[in-house]
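*Asks:* Under the numbering used here, think of the first position of the sequence shown as 71, with each following residue one higher.
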Amino acid sequence: MNPQGAKVLIVATTGPEAPQRFPAPFLFAQAAAQLGSDVSINFVLQAPLLLKHGVAQRLYAKEGGRSAREFIDDTLAAGVKFFVCDAALPLCDMTPDDLIEEVDNLVGPAFLITRGLESDLVLNF
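Right, dumping it as structure tokens:
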């Protein structure tokens with residue numbers, strides 16, 4: 071299959087509790103976007119915490135490495151769309167106002183099912 075125009079859905083589940091794991095969805099999303107795919111990341115479970123004001127600037131997967139904010143900025147610049155599960159926000163003690171301003175796509179749990187069925191590739195992290 072040609073990646074050009076393919077729909078790729080990446081499901082991010084990990085938040086700041088496992089900092090060594092947070093880069094994966096961003097790196098794979100950037101790679102797919104560079105290949106010409108239509109890429110979305112759905113932030114569920116603890117992953118919305120990565121998009122909370124002030125968290126990403128202080129989070130590093132490895133000492134001396136890039137911050138989560140740098141991964142977020144690079145991924146958005148690549149044209150990747152971010153979707154946050156609204157049901158996960160209360161689990162993270164968050165409200166929509168806690169999200170960084172670049173994120174305005176709140177979706178319900180059914181989004182993961184419908185977008186997954188529409189996608190050519192689904193990756194879970």
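Backbone N, C-alpha and C fix where the C-beta goes; we use that ideal spot for every residue, glycine too. Note that this is a predicted model, so its numbers are computed, not measured.
1. Check for me: the beta strand (DSSP E) holding D163 runs from which residue to which?
2. Please confirm whether P197 and A131 have their CB atoms less than 8 Å apart.
3. Is it buried or exposed, T165, if we count other Cβ atoms within 10 angstroms and call 16 or more buried?
4. Would you mind stating whether E171 and L146 have Cβ atoms separated by less than 8 Å?
5. So, with DSSP's three-state summary, where would you put A131?
6. Give, in chain order, every unbroken run of the alpha helix (DSSP H) that is at least 4 residues long and sits entirely within the segment 104-151.
7. Here's the rule I'm using: 16 or more other beta-carbon atoms within 10 Å means buried, otherwise exposed. How should T84 be labelled?
8. For the beta strand (DSSP E) containing I183, name the first residue and the last one.
9. With DSSP as the reference, label A82 as helix, strand or coil.
*Replies:* For this structure:
1. No beta strand (DSSP E) contains D163, which DSSP labels as neither H nor E.
2. Look at the range of the chain in this structure, 71 to 195, and you will see that residue 197 is not part of it.
3. Its Cβ having fewer than 16 others within 10 Å, T165 is exposed.
4. Taking 8 Å as the Cβ cut-off, E171 and L146 do not qualify as a contacting pair.
5. A131 falls in the coil class under three-state DSSP.
6. The DSSP assignment places 138-147 as complete runs of the alpha helix (DSSP H) inside the segment 104-151, in order along the chain (cut-off: 4 residues).
7. Burial call: buried.
8. DSSP places I183 outside any beta strand (DSSP E); the residue lies instead in the alpha helix (DSSP H), whose first and last residues are A180 to E188.
9. A82 falls in the strand class under three-state DSSP.
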